[in-house]
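Peer 1: First the structure, which I've put down as structure tokens, then a few questions once you've had a look.
This is the structure we're talking about:
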């Protein structure tokens, strides 16, 4: 039982809804072109093909491409030790994908994290709210157009955020200084005590 | 070393020391400083190690790690303070009775550490007044004990009977 055999079984069953399995670096990926059949595909993968472990569920932001997001499902089967990757393209306007929580319960928190960080909503999720940031935080932090340092926001009595300065501050070194005093501006040289004799 | 005659006869009156109230009260306070361990991340492991037998924070009277803020004097912020946790840390600090001190342990508590990001508070001194900063990621337990000693030196100098105008 290899991943590519199981992937071919899946594409044979679902034909139009997913692409041919692509193999790269020993890993097999299937692009699901019809998101409305995603739950059916996942149920087949879990039931018939034995992929009973959802290793990971993440979203990828291809900023500048259309469709913008890609939701990636990494599957594994304990019985046959095979991995499989499913990718679903999601465009920015709708940004929704059916939830696979009915197939693997672990998708619950993974989907909440994908929603929190990227803004991809999952249809049919019973409790889709933010998991890492707080409810009411106005941005989706892991999108490519969100700066690493963050943006200021304020929710009185809940939380606040500020921009984190990426450069500057009291602990800055200048690389390539010839000695410690030039590299570490706050360091002090030891007092060289004069000898008496 | 010459012992000075203080002006009374110890054989008659017993062992008495004459000193200043400030010195005595500060001596009590600094030698039994009960921490409130705000152990948020990896620095908490080094904090636990400092309470273990090898490094022994009990030498300083600080083995009583009271997790209730109402029974502690010193808050050791050990770990990354995220924005989500920041207001909870402030609320716990506000519940501590005076006199209280804060040690910011580790790089994340002192300045946000390696996390210059959207989710990490860049230093707990943005929400609390910090007395001693400990550098390190994580600082060795001996560095934390050095911070406790520096804090003891700070407590010893505090005016108690006539407090400084704040």
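Protein chains in written order, with the working numbering: chain A, 2 to 198; chain B, 1355 to 1520. Just so you know, even glycine gets a beta-carbon here, dropped at the ideal spot from N, CA and C.
1) Suppose you measure from the CA of residue 1470(B) to the CA of residue 1476(B); what does that come to, to the nearest Å?
2) Contact defined as beta carbons within less than 8 Å: I believe residue 52(A) pairs with residue 62(A). What is the distance between those atoms, to the nearest angstrom?
3) Examine the Cβ distances between the segment 1430-1448 of chain B and the segment 1388-1396 of chain B and report whether three or more of them are shorter than 8 Å.
4) For the segment 1423-1443 of chain B, enumerate the residues whose C-beta is nearer than 8 Å to any C-beta of chain A, in chain order.
5) Between which two residues does the alpha helix (DSSP H) carrying residue 45(A) extend?
6) Under three-state DSSP, which class holds residue 86(A)?
7) Going along chain B, which residues have a C-beta under 7 Å from residue 161(A)?
8) Can you give the Cα-Cα distance for residue 1461(B) and residue 31(A), rounded to whole angstroms?
9) Do residue 112(A) and residue 95(A) have their CB atoms nearer than 7 Å?
10) List the residues of chain A whose Cβ lies closer than 7 Å to the Cβ of residue 1514(B), in chain order.
11) Residues in its own chain within less than 7 Å of residue 4(A) by CB, not counting five upstream and five downstream?
12) Within its chain, find whatever has a CB closer than 8 Å to the CB of residue 196(A); leave out the 5 residues flanking it on each side and keep chain order.
13) For residue 23(A), which residues does DSSP report across the bridge?
14) Would you kindly check if the distance between the Cβ of residue 1514(B) and the Cβ of residue 1379(B) is under 7 Å?
15) What does residue 1460(B) reach in chain A if we use C-beta pairs closer than 9 Å?
16) Below 8 Å, how does it come out for the segment 1448-1465 of chain B and the segment 1478-1496 of chain B: are there three or more Cβ pairs, yes or no?
17) Go through the segment 101-147 of chain A residue by residue and report every complete run of the alpha helix (DSSP H) that reaches 4 residues or more, in order.
18) Under 9 Å Cβ-Cβ, which residues of chain A neighbour residue 1393(B)?
19) Give the range of the alpha helix (DSSP H) segment to which residue 1455(B) is assigned.
20) Going by alpha carbons, who is nearest to residue 41(A) out of 79(A), 123(A), 118(A), 18(A)?
21) Could you name the residues of chain A that residue 1474(B) contacts, counting a contact when the two beta carbons are closer than 8 Å?
22) To which residues of the same chain is residue 1(A) closer than 8 Å at the C-beta, ignoring the five residues directly before and after it?
23) Compute the distance between the beta-carbons of residue 1505(B) and residue 1404(B), then report whether it is under 7 Å.
24) Do residue 56(A) and residue 77(A) have their CB atoms nearer than 7 Å?
25) Can residue 1455(B) be considered in contact with the ligand ADP, in the sense that its beta carbon sits closer than 6 Å to one or more heavy atoms?
26) Since residue 132(A) contacts residue 117(A) with CB under 8 Å, what's their CB separation in whole angstroms?
27) Which two residues bound the contiguous alpha helix (DSSP H) that contains residue 161(A)?
28) Looking at the unbroken alpha helix (DSSP H) that takes in residue 1407(B), where does it start and where does it end?
29) Let me know if residue 1478(B) comes out buried or exposed under the rule of 16 or more other beta-carbons within 10 Å of its beta-carbon.
30) Run down chain B in chain order and give the residues with a C-beta less than 8 Å from the C-beta of residue 149(A).
Peer 2: Taking the geometry as given:
1) By one-based count along the second chain, residue 1470(B) stands at place 116. By one-based count along the second chain, residue 1476(B) stands at place 122. Computed Cα separation, rounded: 7 Å.
2) Taking the first chain and counting its residues from 1, the one referred to as residue 52(A) is at position 51. Taking the first chain and counting its residues from 1, the one referred to as residue 62(A) is at position 61. Their Cβ separation, rounded to whole angstroms, is 26 Å, which puts residue 52(A) and residue 62(A) out of contact at 8 Å.
3) yes
4) 1437, 1438, 1440, 1441
5) For this step, residue 45(A) is matched to residue 44 along the first chain. Taken as a continuous stretch (DSSP letters only), the alpha helix (DSSP H) holding residue 45(A) covers 39-48.
6) Taking the first chain and counting its residues from 1, one reaches residue 86(A) at position 85. Looking at residue 86(A) - three-state DSSP - the assignment turns out to be strand.
7) Your numbering for residue 161(A) matches position 160 in the first chain. Going along chain B in sequence order, the residues near residue 161(A) (Cβ under 7 Å) are 1437.
8) Residue numbering aside, residue 1461(B) sits at position 107 when the second chain is read from its first letter. Residue numbering aside, residue 31(A) sits at position 30 when the first chain is read from its first letter. Distance between the alpha carbons of residue 1461(B) and residue 31(A): 44 Å.
9) Along the first chain, one-based indexing puts residue 112(A) at 111. Along the first chain, one-based indexing puts residue 95(A) at 94. Between residue 112(A) and residue 95(A), the C-beta spacing is not below 7 Å.
10) Counting from one through the second chain, the residue named residue 1514(B) turns up at place 160. Going along chain A, no residue has its Cβ under 7 Å from residue 1514(B), so there is no contact; the nearest lies around 32 Å.
11) One-based indexing of the first chain puts residue 4(A) at position 3. Around residue 4(A): 29, 83, 84, 85.
12) Counting from one through the first chain, the residue named residue 196(A) turns up at place 195. Model confidence at residue 196(A) stands at a pLDDT of 47, short of 50, so the residue's coordinates are unreliable and nothing is read from them.
13) As a first step, residue 23(A) must be located in the first chain, where it is residue number 22. The partner list for residue 23(A) (beta bridge, DSSP) reads 30(A).
14) In the second chain, the residue the question calls residue 1379(B) occupies position 25. In the second chain, the residue the question calls residue 1514(B) occupies position 160. Going by C-beta atoms, residue 1379(B) is nearer than 7 Å to residue 1514(B).
15) The sequence position of residue 1460(B) within the second chain is 106, counting from 1. Those within 9 Å of residue 1460(B) in chain A number zero; the least Cβ separation is about 14 Å.
16) yes
17) 108-119
18) For this step, residue 1393(B) is matched to residue 39 along the second chain. Within 9 Å Cβ-Cβ: nothing; residue 1393(B) doesn't reach chain A, min ~20 Å.
19) Residue numbering aside, residue 1455(B) sits at position 101 when the second chain is read from its first letter. Counting along the chain, residue 1455(B) falls outside any alpha helix (DSSP H), though it belongs to the beta strand (DSSP E) covering 1455-1459.
20) By one-based count along the first chain, residue 41(A) stands at place 40. Minimum Cα distance to residue 41(A) is reached at 18(A).
21) Your numbering for residue 1474(B) matches position 120 in the second chain. The contacting residues are 165.
22) The question about residue 1(A) has no answer, for chain A in this structure spans 2 to 198.
23) Locating residue 1505(B) in the second chain gives position 151, counting from the first residue. Locating residue 1404(B) in the second chain gives position 50, counting from the first residue. Taking 7 Å as the Cβ cut-off, residue 1505(B) and residue 1404(B) do not qualify as a contacting pair.
24) Residue 56(A) sits at position 55 when you count from the first residue of the first chain. Residue 77(A) sits at position 76 when you count from the first residue of the first chain. Taking 7 Å as the Cβ cut-off, residue 56(A) and residue 77(A) qualify as a contacting pair.
25) As presented, the structure is devoid of all ligands, the ligand ADP included, so that no description of it is given.
26) Here the question's residue 132(A) lines up with position 131 in the first chain. Here the question's residue 117(A) lines up with position 116 in the first chain. Their Cβ separation, rounded to whole angstroms, is 5 Å, which keeps residue 132(A) and residue 117(A) in contact under 8 Å.
27) Counted from its first residue, the first chain places residue 161(A) at position 160. No alpha helix (DSSP H) holds residue 161(A); the beta strand (DSSP E) holding it covers 160-162.
28) On the second chain, residue 1407(B) is found 53 positions in, with the first residue counted as 1. Careful: residue 1407(B) lies outside any alpha helix (DSSP H) and carries neither H nor E.
29) In the second chain, the residue the question calls residue 1478(B) occupies position 124. Buried: at least 16 other Cβ atoms inside 10 Å.
30) Mapped onto the first chain, residue 149(A) falls at position 148. What residue 149(A) touches in chain B: 1470, 1471, 1472.
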